[in-house]
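In terms of UniProt numbering, the sequence shown opens at residue 1 and continues consecutively.
Note that beta-carbon positions come from the ideal geometry of N, C-alpha and C, so glycine has one too.
Every value quoted in this text rests on a predicted model; they were computed, and no experiment measured them.
Note sheet for the following structure.
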Amino acid sequence: MVETLLEVRNLSKTFRYRTGWFRRQTVDAVKPLSFTLRERQTLAIIGENGSGKSTLAKMLAGMIEPTSGELLIDDHPLHYGDYSFRSQRIRMIFQDPSTSLNPRQRISQILDFPLRLNTDLEPEQRRKQIVETMRMGGAICPIT
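Written out as structure tokens, the structure reads:
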């Protein structure tokens, strides 16, 4: 059986702006959206500029609060502000990697940071997991 990793149900985001003393304007950045991501699936979020891709990603990462809808990871409801559970499962890499990844750090250091924060792994266990992750991602070629 294929496990559901992420389920999004009717997630939406509306921004409200003041445009004068008594006027308000609303912008539906993300209209109600539902999808499911299962184990061994790849999800691509594509669209034109201004279509809500970044807003959706920020809602998934917990950076902004959705107007409505719900998120579930491993059938566990995610609530805005529940960062300890969310940060163990979702990572945000921004569009410009030069501003999101520190070029002075090795890849292994970047991967070690969340493991130190979110797991009880000993340094050697973390190192083994990092090497395996890098191997799976093609950053390390297997020795033949």
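Here R104 is not bridged, per DSSP, to any residue. Look at F35 here: in three-state DSSP terms it is strand. Contact check for N10 against E65 fails: the beta carbons are separated by 9 Å or more.
Note on M136: under 16 other CB atoms within 10 angstroms of its CB, so exposed under the neighbour-count rule. Straight-line spacing of the CA atoms in T26 and T55 works out to 15 Å.
C-alpha of G50 to C-alpha of E124: approximately 44 Å in a straight line.
In the three-state DSSP reduction, A139 falls in the coil class, being neither helix nor strand.
With distances taken between CA atoms, I90 lies nearest to G62 out of W21, G62 and E3. Taking C-beta separations shorter than 6 Å and ignoring five residues to either side along the sequence, the partners of R86 in its chain run G62 and L78, following chain order.
Going by beta carbons, V8 and L72 fall inside the 9 Å limit. Per DSSP, reduced to three states, the secondary structure at P114 is helical.
In the DSSP assignment, T4 falls within the unbroken beta strand (DSSP E) covering T4 to R18. Listed in chain order, the non-local C-beta contacts of E3 below 7 Å within the same chain comprise R38 and E39, local neighbours out to five positions each way being set aside.
The shortest CA-to-CA distance from V131 to any of Q109, I45 and T119 is the one to Q109. Beta-bridge annotation (DSSP): I73 is paired with L6 and H76.
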